[in-house]
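*Asks:*
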Amino acid sequence: MNIKNMLSRFERLISEKNFQKANEILNNLDSREQKFLENHPHRKKSGIFYTTYSLSEFIFQNTLAIYLNHTLNLDLRNLNDIFNLKRKCKINIRNVLENITICDPTCGSGNFLISAARVLYSLIKKLEQETDTLMLKTHILQNLFGFDINQASLTLSKLKLIKWFYDDHFNNYSQISKILDSNLKRKNSLINSDLSKFNLEGNSFGIIIGNPPYGNILSDKEKKILKEQNIYSNDIYCAYLLKTLEICGGIIGLLIPKSFLLRQSYVKFRNKLLSESNFWQIYDLGSNIFKSATNEVQILIYGIKDENKCDLEVFDFPDKKIISYQNQSFDKLKICFNDTCPLINRSKKYYVYTQNEKCPFCSNRTTSLNRIRIKPNKEIMALINSIEDKGNLNYLNIIDFPKFIRGEEAKGLSLVRKAIKKTNGSCYFLDAKRDFDYFYFKKSASFNLNEIDETQLKGNEKEYYKGPKLLIKHNNIYPEALYTQENVCFTSSIYSLLSDDSTELKYLCGMLNSLLIHFYTIYGINNQKNTTINLNQYMIRHLPIIKIDQKQKNNISKLIDLISNDLETEKGLNDKTITNIKELNNIIFELFSLNNNDRNLMINKVKLFNPFFNNIY
């Protein structure tokens with residue numbers, strides 16, 4: 010029986026007063042919903058991930074607490090604090106709860122609406138035990154609204170709300186059904202945000218909650234409409250973050266990916282969202298909520314921007330406080346988007362990072378980066394800021410280091426693999442997973458580089474594979490680097506950086522392999538808990554490399570030679586190499602003026618993520 014037929018049969022049983030059979034249908038809703046979700050034809054393609062009751066209830070409870078604080082000037086830590094307040098305050102809260110309107114604009118099968126109904130009913134009943142149950146539930150239903158493009162999902166929502174409303178007999182069913190049909194509407198709330206038919210105060214909802222779809226899944230027509238409204242549309246959830254502000258007069262609580270918080274590609278979207286809203290709370294849920302989703306997710310609770318800037322509180326789900334951002338201030342850095350700036354390559358997304366209001370290279374006004382980091386606590390954040398203050402975030406710029414490219418892929422890689430099968434030769438082939446290590450590589454396979462036409466490989470004259478180069482493995486959030494003068498070809502998981510100055514390349518090898526840079530990449534440019542993200546070239550180009558004199562570079566260069574030679578000779582770490590690596594890191598710690606407490610904190614944190622440094626310290 011499909012969902013539509015289930016509702017028809019249920020309503021027929023109600024009309025026949027066969028309440029026992031009608032209740033059987035409601036009692037089997039969970040299994041029917043599970044089958045519906047499993048058989049949803051476009052679920053993953055549509056970016057749809059359904060939310061458990063425990064999580065939707067958590068989101069609503071915390072959103073409601075902030076709504077009450079904001080509306081009534083309270084200081085509730087959670088909803089349980091309500092019952093410790095004075096009677097007059099409780100009466101005010103009850104009045105607000107009885108009249109608050111709640112909407113899930115992508116309601117799916119209605120879990121958020123059910124959670125809201127349950128929480129409101131429980132709170133109001135505790136505040137006024139004499140309240141008539143059916144009248145209260147009816148009033149709550151009148152204030153619940155849900156939209157979705159899938160009619161079967163809306164039908165499930167209706168049935169589940171009916172199940173919540175009735176204990177046994179179905180008195181006044183026609184009235185309740187009419188309320189639900191009026192408030193649960195099939196529509197694309199992203200494109201059609203008109204609320205004039207709902208007779209809402211201020212033509213907006215008090216609270217919006219939900220789990221909008223994720224991904225670049227909007228049609229060209231939808232993107233065109235949103236672009237005309239200046240709404241970011243490359244990821245559908247970002248469009249919802251902005252559009253919900255148009256229909257909410259209070260507080261919004263959404264379950265969404267973390268991606269927009271930190272990535273450079275979301276700068277303009279971030280700034281638009283922050284110009285129109287205040288962020289109240291973020292809960293970092295990591296990667297364990299939706300196993301089939303590729304993004305780690307967060308709960309974001311935010312609302313319309315007002316004169317009083319609130320602090321953003323960041324939590325590790327469910328209640329571990331990580332950090333507070335005072336007065337919506339998130340980031341000191343700015344970015345230059347000026348097309349005429351000599352250090353910018355817009356097509357490759359390489360820009361200038363600075364703390365100045367004007368770009369130091371073109372004098373144009375800069376734009377706030379507004380990166381929001383949710384992993385570091387206050388102590389770690391202070392270290393990240395100190396590293397960015399002392400390091401040069403444009404050191405690896407396109408003027409000084411124009412030759413920087415990924416290894417072979419597609420046709421070029423296929424030709425290399427065929428050449429390896431034929432014969433050994435003068436050029437090593439480097440597989441990132443098998444052969445690449447800190448400071449050196451394992452010589453597992455080779456081929457004759459001259460056998461492959463230079464037009465089939467990257468570069469102009471195979472220059473990225475010949476002579477001095479810095480190789481950087483980037484299929485993790487922290488870099489691994491090695492300097493080599495040998496002929497080496499490699500996969501696209503490795504970058505090749507060229508320079509006429511071999512001492513410079515060795516210095517960069519030491520910097521990229523340093524514990525300090527690993528600490529920075531783990532906490533400064535990465536919000537993921539358990540999911541690996543690759544270091545893009547723009548991330549590497551904006552790592553904080555400190556400028557030093559030639560004598561210091563020469564000393565580090567000699568140390569890199571010692572470490573590399575020992576590792577290659579010994580095929581791994583020994584006491585001497587460990588001592589030299591520690592010396593390298595101490596030099597870099599000194600360059601950044603870090604004390605022993607700072608160093609120990611960084612060492613302990615990096616060891617949690619990186620096995621190499623577990624062997625060093």
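Residue numbering for the sequence shown follows my numbering, beginning at 10 and increasing consecutively. Where is the CB? At the ideal position from N, CA and C, for every residue including glycine. Just so we're clear, the structure is a prediction, and the values are computed from it rather than from any experiment.
Provide the residue(s) that pair with N401 in DSSP beta bridges, ordered along the chain.
*Replies:* N401 pairs with I554.
*Asks:* Counting pairs of beta carbons, one from the stretch 558–573 and one from the stretch 504–516, are three or more of them closer than 8 Å?
*Replies:* At 8 Å Cβ cutoff, the stretches touch.
*Asks:* Could you tell me which of G533, E489 and T110 sits nearest to E210, measuring between CA atoms?
*Replies:* The residue with the shortest Cα to Cα distance from E210 is T110.
*Asks:* Could you tell me if A454 is buried or exposed, where buried requires 16 or more neighbouring beta carbons within 10 angstroms of its beta carbon?
*Replies:* A454 comes out buried.
*Asks:* Helix, strand or coil: how does DSSP classify S65 here?
*Replies:* Helix, per DSSP.
*Asks:* Can you name, in chain order, every residue of its own chain whose Cβ lies under 7 Å from the Cβ of F278, other than the five neighbours on each side?
*Replies:* These residues qualify, in order along the chain: Y241, C247 and F269.
*Asks:* To the nearest angstrom, how far is the alpha carbon of L85 from that of I68?
*Replies:* Distance between the alpha carbons of L85 and I68: 15 Å.
*Asks:* Span of the alpha helix (DSSP H) holding D444?
*Replies:* Where D444 is concerned, the enclosing alpha helix (DSSP H) stretches over A441 to D444.
*Asks:* In chain order, what residues of the same chain have a beta carbon less than 7 Å from the beta carbon of M548, not counting five sequence neighbours either side?
*Replies:* So the qualifying residues of the chain are I534.
*Asks:* With 16 as the cutoff for other CB atoms within 10 Å, does E489 come out buried or exposed?
*Replies:* E489 comes out buried.
*Asks:* Keeping to the same chain, check which residues put their C-beta closer than 8 Å to that of K616; ignore five residues upstream and five downstream.
*Replies:* Closer than 8 Å at Cβ, skipping near neighbours: F622, N623 and Y626.
*Asks:* Suppose the cutoff is 6 Å on Cβ atoms and the five residues either side in sequence are ignored; what does the same chain contact list for K53 look like?
*Replies:* The pLDDT assigned to K53 is 45, lower than 50, so where the model puts this residue is not dependable, and the model offers no usable value.
*Asks:* Helix, strand or coil: how does DSSP classify Q29 here?
*Replies:* DSSP places Q29 in helix when its eight states are reduced to three.
*Asks:* May I have a chain-ordered list of the beta strand (DSSP E) segments no shorter than 3 residues that lie completely inside the stretch 99–184?
*Replies:* Those beta strand (DSSP E) runs which fall completely within the stretch 99–184 and span 3+ residues are 111–113 and 153–157.
*Asks:* From what residue to what residue does the beta strand (DSSP E) around Y334 run?
*Replies:* Here the beta strand (DSSP E) through Y334 covers K329 to Y334.
*Asks:* According to DSSP, V361 sits in a beta bridge with which residue or residues?
*Replies:* Answer is C345.
*Asks:* Would you say S202 and I256 are within 7 Å of each other, going by their C-beta atoms?
*Replies:* Yes, these two residues count as a Cβ contact at 7 Å.
*Asks:* Shortest alpha-carbon distance to N152 belongs to which of F450, E237, I217 and I383?
*Replies:* Comparing Cα-Cα distances from N152 to each of F450, E237, I217 and I383, the minimum goes to I217.
*Asks:* When you compare only the Cα positions, how much space is there between M520 and N605?
*Replies:* One C-alpha to the other measures close to 19 Å.
*Asks:* Measuring CB to CB, does S435 end up less than 7 Å from N496?
*Replies:* Yes; because the gap between Cβ atoms is below 7 Å, this pair is in contact.
*Asks:* Since I believe N365 is in contact with K341 (beta carbons under 8 Å), could you give me their beta-carbon distance rounded to a whole number of angstroms?
*Replies:* Going by Cβ atoms, the distance from K341 to N365 rounds to 10 Å, so no, they are not a contact pair.
*Asks:* Excluding five sequence neighbours on each side, which residues of the same chain lie with their C-beta closer than 7 Å to the C-beta of S55?
*Replies:* Here the model assigns S55 a pLDDT of 47, short of 50, so the residue's position is not dependable, and the following value carries that caveat. Closer than 7 Å at the Cβ level, and outside the excluded window around S55, lie P222 and I226.
*Asks:* Skipping 5 residues on each side, what residues in its chain have a beta carbon closer than 7 Å to that of E42?
*Replies:* Hits under 7 Å: S118 and L165.
*Asks:* Could you tell me the distance, in whole angstroms, from the CA atom of D177 to the CA atom of Y487?
*Replies:* Answer to the nearest angstrom: the Cα atoms are 59 Å apart.
*Asks:* Leaving out the 5 sequence neighbours to the left and right, which residues in its chain are closer than 7 Å to N619 when beta-carbon positions are compared?
*Replies:* For N619, where only same-chain residues beyond five positions count, the Cβ hits under 7 Å are Y487 and H527.
*Asks:* When every heavy atom of the ligand SAH is checked, does at least one fall within less than 6 Å of the C-beta of I429?
*Replies:* As far as ligands go, the structure on display features none, and thus does not contain the ligand SAH.
*Asks:* With a floor of 3 residues, list each beta strand (DSSP E) that falls wholly inside the stretch 210–292, ordered by position along the chain.
*Replies:* Runs of the beta strand (DSSP E) inside the stretch 210–292: 214–219 and 257–266.
*Asks:* How big is the Cα-Cα spacing for A125 and S505?
*Replies:* Those two C-alpha atoms are separated by around 54 Å.
*Asks:* Tell me the DSSP secondary structure of F598 in three-state form.
*Replies:* Looking at F598 - three-state DSSP - the assignment turns out to be helix.
*Asks:* How many angstroms separate the CA atom of N159 from the CA atom of F45?
*Replies:* Going from the Cα of N159 to the Cα of F45 covers about 12 Å.
*Asks:* Distance check for N82 and F410, CA to CA, integer angstroms please.
*Replies:* Each residue's Cα considered, the two are about 55 Å apart.
*Asks:* Looking only at its own chain, which residues have a Cβ that is under 7 Å from the Cβ of I407, when we skip the five neighbours before and after it?
*Replies:* Hits under 7 Å: L352, N354 and Y359.
*Asks:* Whole angstroms is fine: what's the gap from Y532's alpha carbon to K267's?
*Replies:* The straight-line gap from Cα to Cα measures roughly 14 Å.
*Asks:* Roughly how many angstroms separate the alpha carbons of I261 and T253, rounded to a whole number?
*Replies:* Those two C-alpha atoms are separated by around 8 Å.
*Asks:* Pairs of beta-carbons, one from the stretch 384–394 and one from the stretch 319–339, closer than 8 Å: are there three or more?
*Replies:* With a cut-off of 8 Å, the stretch 319–339 and the stretch 384–394 count as touching, because enough Cβ pairs lie within range.
*Asks:* Report the option in Q561, L35, D558 and R415 whose CA atom is closest to the CA atom of N484.
*Replies:* It is R415 whose Cα lies nearest to the Cα of N484.
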